[in-house]
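J.:
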DNA sequence: CGACTCAGCTAATATCGTTAGCCATAGAGC
DNA sequence: GCTCTATGGCTAACGATATTAGCTGAGTCG
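Chains as they are written, first to last, in full-length UniProt numbering: chain A, 1 to 185; chain B, 1 to 185.
#1: Between the stretch 29 to 46 of chain B and chain A, which residues of the former have CB atoms less than 9 Å from a CB of the latter, in chain order?
#2: Which residues mark the beginning and the end of the alpha helix (DSSP H) in which residue 117 of chain A is found?
#3: Touch check for the stretch 17 to 32 of chain A and the stretch 48 to 62 of chain A: three-plus C-beta pairs under 8 Å?
#4: Note down, in chain order, all residues in the stretch 51 to 82 of chain B with a beta-carbon under 8 Å from any beta-carbon belonging to chain A.
#5: From the DSSP output, in three-state form, read off residue 162 of chain A for me.
#6: Grab the span of the alpha helix (DSSP H) containing residue 148 of chain B for me, first residue to last.
#7: If you draw a straight line from the alpha carbon of residue 164 of chain A to that of residue 134 of chain B, how long is it in whole angstroms?
#8: Using 8 Å as the cut-off, can you tell me whether the stretch 88 to 99 of chain A makes contact with the stretch 147 to 160 of chain A, which would need three or more C-beta pairs spanning the two stretches below that distance?
#9: Are residue 61 of chain A and residue 103 of chain A closer than 8 Å when you measure CB to CB?
#10: Short check: CB of residue 99 of chain B to CB of residue 67 of chain B, under 8 Å?
#11: Helix, strand or coil: how does DSSP classify residue 76 of chain B here?
#12: With three or more beta-carbon pairs closer than 8 Å as the criterion, would you say the stretch 66 to 80 of chain B touches the stretch 116 to 133 of chain B?
#13: Please tell me whether residue 176 of chain A has its Cβ less than 8 Å away from any Cβ of chain B.
#14: Check whether the stretch 167 to 183 of chain A touches the stretch 11 to 26 of chain B, counting contact only when three or more Cβ pairs, one atom from each stretch, lie closer than 8 Å.
#15: Drop a sphere of 10 angstroms on the beta-carbon of residue 230 of chain A, count the other beta-carbons inside from all chains shown, and report buried for 16 or more, exposed for fewer.
#16: In whole angstroms, what is the alpha-carbon distance linking residue 6 of chain B and residue 33 of chain B?
#17: Here's the rule: buried if 16 or more other CB atoms are within 10 angstroms of the residue's CB, otherwise exposed. What is residue 159 of chain B?
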């Protein structure tokens, strides 16, 4: 039996690809093992369990998403930053639906999530939002983006109105919302 | 073997309660059967499969949600209607997380979803939004609510800022967004 | 060259969904 | 009240999956 040269990183990466292809909840150790040309129990030499594998994907993907958001907003501010942030967020979620779903199942400590929050905070600072107001606005922004992308990639938008145009509308609407964010409540 | 008096409706209702308690993806025929004091294969006399059972929950729950939204917005319009709509949406999602998750896995034709859309359309008409603009605004509204409630019930909001206050901020922000919805794009 | 580590294997178990076929009960018809 | 039938609930069985317990051979280090 020649060795397959597996490592935790290889297993996680393979699993992430499968999650992207088949869906987060279709991810199975059997599929990962087959993809790697290995028997299922062999995977346990590299990951503790299916749950641990999922957490691994979660951590890596949250980092990837944070990278994408940071890269998209470097050197810009205000409405332009919001627009690019939203675009990058949606692009990641659509290109990697399985990985994106993974980012929503956070482990207790996830450095990627913290970095994403930092990027968003920086963007919001451009609207003069800080402290509790920034927390609320960040949650609103995240909710809108998470909701839209989730609904889009699960086929939740039935009507044949262009989804791209609806997303552009959402982004413009979010700019309006942030510009006029209700103060002093 | 005394009869248990099952019907499709009873099975679906029981399953919905289990989904609310244990989570949508923890829903299992074994749990439903045990709850009903019956063996697993007996359920197949009333539902076609686990998938069909899930679809059943989905249809019923979408109807319940539509009812709640319609009831909350009857006789009001404008900002007040948006506020009540949002509140009822979140209340349903929090009180019935499993059922709510079910509403996001739509069957092909779901009368509840259509009724929900009608309620939202009526509310948006109060802001002069119709046609494509109403579609975009409805998607934005739905995205924000879906995102917020999903993140909330999955524990996605880490920071200890009050979630109630953040939701109030989101609702106010949505009112701002709808009032200033970008026209003529 | 020898011993040790460990990656991948087979075997086995538990849980689930699903199907096939049995049998007793509830209710219809007389 | 009696019979007959439709059917609800059952047991038995299979395939898929996750997980654990050992085995064995391949690299590696002295």
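Glycine is no exception: its CB is placed at the ideal position from the N, C-alpha and C atoms.
T.: Looking at the atomic coordinates:
#1: none
#2: 111 to 125
#3: Cβ pair count under 8 Å is three or more, so yes.
#4: none
#5: coil
#6: 131 to 153
#7: 15 Å
#8: yes
#9: yes
#10: No.
#11: Coil at residue 76 of chain B, not helix or strand.
#12: yes
#13: The C-beta of residue 176 of chain A comes closer than 8 Å to at least one C-beta of chain B.
#14: no
#15: Lying before the first or after the last residue shown, residue 230 of chain A is absent from chain A, which here runs from 1 to 185.
#16: Between the alpha carbons of residue 6 of chain B and residue 33 of chain B lies a distance of about 11 Å.
#17: It counts as exposed.
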